[in-house]
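Data first, discussion second: the structure below is written as structure tokens.
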Amino acid sequence: MDRDSPETCWPPATRPERLAFVAADTATAQEEKLRLSRRYGNYDPENAEVIICLGGDGFMLETLRQVMDQSVPVYGMNCGSVGFLMNPLDEDDLLERLAVTQSAQLHPLHMKAVCTDGSVHEAEALNDVFLFRETRQAAKIRIDVDGRERLSELICDGVLVATPAGSTAYNLSAHGPIVPLSGNLLPLTPISAFRPRRWRGALLPSSAVVTFSILEQDKRPVAAVADFTEIRDVKTVSVQENRNRSVTVLFDPGQSLSERIIAEQFSA
41 MDRDSPETCW PPATRPERLA FVAADTATAQ EEKLRLSRRY GNYDPENAEV
91 IICLGGDGFM LETLRQVMDQ SVPVYGMNCG SVGFLMNPLD EDDLLERLAV
141 TQSAQLHPLH MKAVCTDGSV HEAEALNDVF LFRETRQAAK IRIDVDGRER
191 LSELICDGVL VATPAGSTAY NLSAHGPIVP LSGNLLPLTP ISAFRPRRWR
241 GALLPSSAVV TFSILEQDKR PVAAVADFTE IRDVKTVSVQ ENRNRSVTVL
291 FDPGQSLSER IIAEQFSA
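Letter by letter, the sequence shown follows residues 41 to 308 in my numbering.
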């Protein structure tokens with residue numbers, strides 16, 4: 041799938057029959073898994089045509105990370121709260137609904153963090169990579185894009201780079217822009233910026249490599265987080281989209297991820 045076509049009609053050549061149900065550790069999700077498994081059967085994820093994820097957005101992200109590169113699409117059913125990446129919970133006509141779903145292909149961000157002790161850590165994120173101060177002292181961070189210094193000193197609580205899918209999450213809460221899937225853009229957003237006070241962030245091409253260098257590391261320690269992976273006392277952090285890896289998410293007709301991202305921009 042090329043950069044200009046992140047979303048297509050899935051559907052398979054035939055109605056999918058081999059489903060794998062995975063569920064969060066909540067009573068609601070586990071009960072749904074039992075009922076759906078009895079009704080539709082339950083295959084191992086390795087042998088399934090579709091993985092049905094029962095939970096909220098957090099569990100969905102965990103599932104997507106686990107099946108990355110397996111060429112098995114994931115269909116989420118909301119058993120959580122927000123459920124931005126999920127479809128409504130409905131036990132009826134599941135096979136028929138799956139046959140007409142729309143798909144979105146998501147690419148993760150790759151984070152490489154070098155710590156003050158010299159250790160190197162790498163992780164990937166489907167939502168965002170963000171840095172935040174570890175103490176009461178504001179962080180001081182230099183920002184380079186593609187090897188060129190763009191901001192010599194950002195004094196802030198933190199800063200983040202989000203994927204288009206993740207632009208509606210922490211990025212939006214930090215007053216960053218929502219980015220359509222087809223935009224081929226990555227929002228770079230400060231978190232509670234003190235100086236420059238009026239800097240609201242930037243929209244970068246999806247090919248950009250963003251490097252954060254921590255200033256006054258001993259006095260103002262900073263941690264970095266890529267979805268579920270947290271690294272403390274970082275010295276430098278580089279972030280870029282990994283186009284070599286992807287995962288496919290399925291949505292009911294009329295409820296595609298692109299439509300949700302657009303609708304979110306008009307919500308109160």
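Don't be surprised by glycine CBs; every beta carbon is placed ideally from N, CA and C.
Counted within 10 angstroms of its Cβ, other Cβ atoms place residue i as buried (16 or more) or exposed
{"i": "Leu74", "result": "exposed"}
{"i": "Asp65", "result": "exposed"}
{"i": "Leu101", "result": "buried"}
{"i": "Asp258", "result": "exposed"}
{"i": "Ile302", "result": "exposed"}
{"i": "Val160", "result": "exposed"}
{"i": "Asn127", "result": "buried"}
{"i": "Ser307", "result": "exposed"}
{"i": "Phe99", "result": "buried"}
{"i": "Gly158", "result": "exposed"}
{"i": "Asn284", "result": "exposed"}
{"i": "Met41", "result": "Residue placement at Met41 is flagged as unreliable, the pLDDT there being 37, under the threshold of 50; the coordinate-derived value follows with that caveat. With fewer than 16 Cβ atoms within 10 Å of its Cβ, Met41 is classed as exposed."}
{"i": "Asp44", "result": "Model confidence at Asp44 stands at a pLDDT of 43, short of 50, so the residue's coordinates are unreliable and nothing is read from them."}
{"i": "Phe61", "result": "buried"}
{"i": "Val40", "result": "Residue coverage of the chain in this structure runs from 41 to 308, which leaves residue 40 outside it and unanswerable."}
{"i": "Val122", "result": "exposed"}
{"i": "Val140", "result": "exposed"}
{"i": "Gly81", "result": "exposed"}
{"i": "Glu71", "result": "exposed"}
{"i": "Arg78", "result": "exposed"}
Enclosing beta strand (DSSP E) for residue i [first to last residue]
{"i": "Tyr115", "result": "114-118"}
{"i": "Ile218", "result": "First-last for Ile218: undefined, no H or E at that position."}
{"i": "Phe99", "result": "Counting along the chain, Phe99 falls outside any beta strand (DSSP E), though it belongs to the alpha helix (DSSP H) covering 97-107."}
{"i": "Ser143", "result": "142-146"}
{"i": "Trp288", "result": "The sequence given here has Thr at residue 288, not Trp. Here the beta strand (DSSP E) through Thr288 covers 287-291."}
Opposing strand residues paired with residue i [DSSP bridges]
{"i": "Asn127", "result": "Met117"}
{"i": "Gly198", "result": "Phe172, Ile231"}
{"i": "Asp184", "result": "Glu189, Thr251"}
{"i": "Val262", "result": "Arg173"}
{"i": "Ile91", "result": "Ala60, Val114"}
{"i": "Leu226", "result": "Leu244"}
{"i": "Lys152", "result": "Glu162, Ser278"}
CB contact below 8 Å: residue i versus chain C
{"i": "Val250", "result": "The question asks about chain C, but that chain is absent: this structure has only one protein chain."}
Enclosing alpha helix (DSSP H) for residue i [first to last residue]
{"i": "Ala178", "result": "First-last for Ala178: undefined, no H or E at that position."}
{"i": "Glu72", "result": "67-80"}
{"i": "Glu270", "result": "Here Glu270 belongs to no alpha helix (DSSP H); instead the beta strand (DSSP E) covers 269-271."}
{"i": "Leu212", "result": "210-213"}
{"i": "Ala303", "result": "297-304"}
{"i": "Glu86", "result": "That residue, Glu86, is in no alpha helix (DSSP H); it is neither H nor E in DSSP."}
{"i": "Arg237", "result": "Note, Arg237: premise wrong, no alpha helix (DSSP H); not H, not E."}
{"i": "Glu136", "result": "134-138"}
Inter-residue CB distance, residue i and residue j (contact presumed, cutoff 8 Å)
{"i": "Val262", "j": "Val274", "result": "6 Å"}
{"i": "Ala325", "j": "Ala179", "result": "This structure does not reach residue 325, given that the chain is present from 41 up to 308, and the question cannot be answered."}
{"i": "Glu304", "j": "Ile218", "result": "6 Å"}
{"i": "Asn167", "j": "Gly120", "result": "Wrong, their Cβ atoms sit about 15 Å apart, outside the cutoff."}
{"i": "Ile195", "j": "Arg235", "result": "4 Å"}
{"i": "Ile92", "j": "Leu59", "result": "6 Å"}
{"i": "Pro227", "j": "Gly241", "result": "6 Å"}
(request) For the segment 114-126 and the segment 81-88, state whether three or more C-beta atom pairs, one from each stretch, are separated by less than 8 Å. (result) no
(request) Could you say if the segment 242-251 and the segment 168-185 meet the contact criterion of at least three C-beta pairs nearer than 8 Å? (result) yes
(message) Count Cβ pairs between the segment 167-175 and the segment 118-135 that sit closer than 8 Å; are there 3 or more?
(response) no
(message) Taking contact to mean 3 or more Cβ pairs, one atom from each stretch, closer than 8 Å, check whether the segment 150-158 and the segment 202-214 are in contact.
(response) no
(message) Under 8 Å, with one C-beta from each stretch per pair, do the segment 191-200 and the segment 290-302 reach the 3-pair mark?
(response) no
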